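Reading through the C-alpha cells given below for one structure.
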Amino acid sequence: MGLLRGPPPHPLVDLRTTVKRPILLTNIAALLIGFGMMAQSIVVPQLLQMPTEVGYGLGQTILQAGLWMAPGGLMMLAFTPISSRLLTTLGGRATLALGAFVISAGYVFAVFFDGEPWQLMVATCIASAGVGIGYAAMPTLILENSPASEAGAGVGVNSLMRSMGTTVAGAVMAIVLTSRTIPMGSVAIPAETTFRTCFIIGAGAALAGALVVLFIRRNHPRAEVVETSEHAESLT
290 MGLLRGPPPH
300 PLVDLRTTVK
310 RPILLTNIAA
320 LLIGFGMMAQ
330 SIVVPQLLQM
340 PTEVGYGLGQ
350 TILQAGLWMA
360 PGGLMMLAFT
370 PISSRLLTTL
380 GGRATLALGA
390 FVISAGYVFA
400 VFFDGEPWQL
410 MVATCIASAG
420 VGIGYAAMPT
430 LILENSPASE
440 AGAGVGVNSL
450 MRSMGTTVAG
460 AVMAIVLTSR
470 TIPMGSVAIP
480 AETTFRTCFI
490 IGAGAALAGA
500 LVVLFIRRNH
510 PRAEVVETSE
520 HAESLT
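Quick note on numbering: the sequence shown equals residues 290 to 525 in the numbering used here.
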C-alpha cells in the first residue's frame, strides 16, 4: 500500500489562504478585538459586586450586576443595522477599525469613571456598540479577500480567532486581578489598581486591533470590476 505524499489536493482548510496578508491581518484583528470584547464581561461584574467596605466596591448583587450589564447586549443588537449601513458606505476595513476604536473608547471611559454602577453601564454600552459595529465587518473582510471556494473555511477560521481572543482575555484578566490583592476577613480580593489595569489592557488590545486593520489593503471596487471583465474576456 502506497503512502500519501504531500498535502491533500482538496484540504478542508487551505492554510495557504489564511496566510495571505488581508486575511492574516483580519484574523489578528479578530483575536485582539475578541480579547477586548471579553475583558469587560469578566472585569465589570466583579467590580460591581465588590463589597462597599473596601472603598471602591459598588456592593451590587448578582442580579443587579446582570441588570447593569444587560443594556450592553441591547446596544450590540441596536448597532447591528448601523453596522450594515457603515459596511455599505465605508467598507469592511473602515467599519472594523471604527468598531475597534469605539471598544477602546469604552475602556478608556471606565478607567476614569468607575465609581458608580451607571458609569460602568455607560462604559459597557460604549464598548458593546463597538462590538456591534465591528463584528459584522470581519466576515465581510474575509469574504472580500478569499477565493469563493475558501469562503466558508475562511469565515470559520476567523470565528476561531475571535474565540481564541476571548479565551486569552479570561486568562489574562484572571492573572491581573490576582496579581495584587488586599485581605478582607479570611479572603483576598483584587486591589483597586488591578481593575484599572484590566481596563487599560482591554483598551490597548482593541486599539491594537484597530491599528492592525488599517494595514489591510483597501479594496478598490472599480479595479475589481476591470479585473473581472478582463478575466471574462480571457475565458472567451
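Even glycine gets a Cβ: it sits at the ideal position worked out from N, Cα and C. Keep in mind that this is a model prediction, so the values were computed, not measured.
Is the closest heavy atom of the ligand PLP to the C-beta of residue i under 8 Å?
i       : result
Ile-489 : Because no ligand of any kind appears in the structure shown, any question about the ligand PLP cannot be addressed here.
Among the options, whose alpha-carbon lies nearest the alpha-carbon of residue i?
i       : options                               : result
Gly-395 : Val-476, Leu-376, Gly-421 and Ala-383 : Gly-421
Phe-324 : Ala-494, Arg-506, Ile-371 and Phe-504 : Ala-494
Thr-341 : Glu-405, Arg-506 and Gly-380          : Glu-405
Gly-498 : Pro-479, Met-450 and Thr-470          : Met-450
Pro-370 : Pro-472, Phe-402, Pro-334 and Ala-418 : Ala-418
Gly-346 : Ala-354, Leu-336 and Val-391          : Leu-336
Ser-599 : Leu-363, Gly-388 and Ala-440          : This structure cannot speak to residue 599, because the chain is shown only from 290 to 525.
Met-364 : Gln-338, Cys-487, Cys-414 and Asn-316 : Cys-414
Gly-459 : Val-333, Thr-470 and Phe-390          : Val-333
Arg-485 : Ala-412, Pro-311 and Gln-349          : Ala-412
Ile-505 : Gly-491, Ala-359, Ala-437 and Ala-426 : Ala-426
Ile-431 : Ile-464, Val-502, Gln-349 and Leu-366 : Val-502
Met-327 : Asn-434, Tyr-424, Ala-480 and Ile-478 : Tyr-424
Phe-488 : Gln-338, Ile-331 and Leu-379          : Ile-331
Val-391 : Gly-380, Ala-416, Gly-381 and Leu-409 : Ala-416
Gly-381 : Gly-491, Met-462, Pro-311 and Ala-480 : Pro-311
Leu-343 : Ala-492, Leu-496, Gly-491 and Ile-478 : With the sequence shown as reference, residue 343 is identified as Val, and Leu is not the correct amino acid for it. It is Ile-478 whose Cα lies nearest to the Cα of Val-343.
Ala-386 : Phe-368, Gly-491, Thr-315 and Glu-481 : Thr-315
Exposed or buried, what is residue i when buried is set at 16 or more other beta-carbons lying within 10 Å of its beta-carbon?
i       : result
Val-397 : buried
Leu-352 : exposed
Ala-474 : The amino acid occupying residue 474 in the given sequence is Gly; Ala does not appear at that position. Its Cβ having fewer than 16 others within 10 Å, Gly-474 is exposed.
Arg-374 : exposed
Val-446 : buried
Ala-437 : exposed
Asn-434 : buried
Leu-366 : exposed
Gly-240 : In the structure displayed, the chain extends from 290 to 525; residue 240 sits before or after that span and is not available.
Trp-407 : exposed
Pro-472 : exposed
Ser-468 : exposed
Thr-470 : exposed
Val-465 : buried
Phe-401 : exposed
Thr-378 : exposed
Gly-355 : exposed
Ala-463 : exposed
What are the boundary residues of the alpha helix (DSSP H) that includes residue i?
i       : result
Ile-317 : 310-338
Glu-481 : 481-503
For a minimum of 4 consecutive residues, which ranges assigned as the alpha helix (DSSP H) are wholly contained in the stretch 417-478?
426-434 and 440-468
Is there contact between the stretch 445-465 and the stretch 311-326, where contact requires at least three CB pairs shorter than 8 Å?
yes
Contained alpha helix (DSSP H) runs [length at least 4] in the stretch 339-412, N- to C-terminal order:
351-367, 369-378 and 381-401
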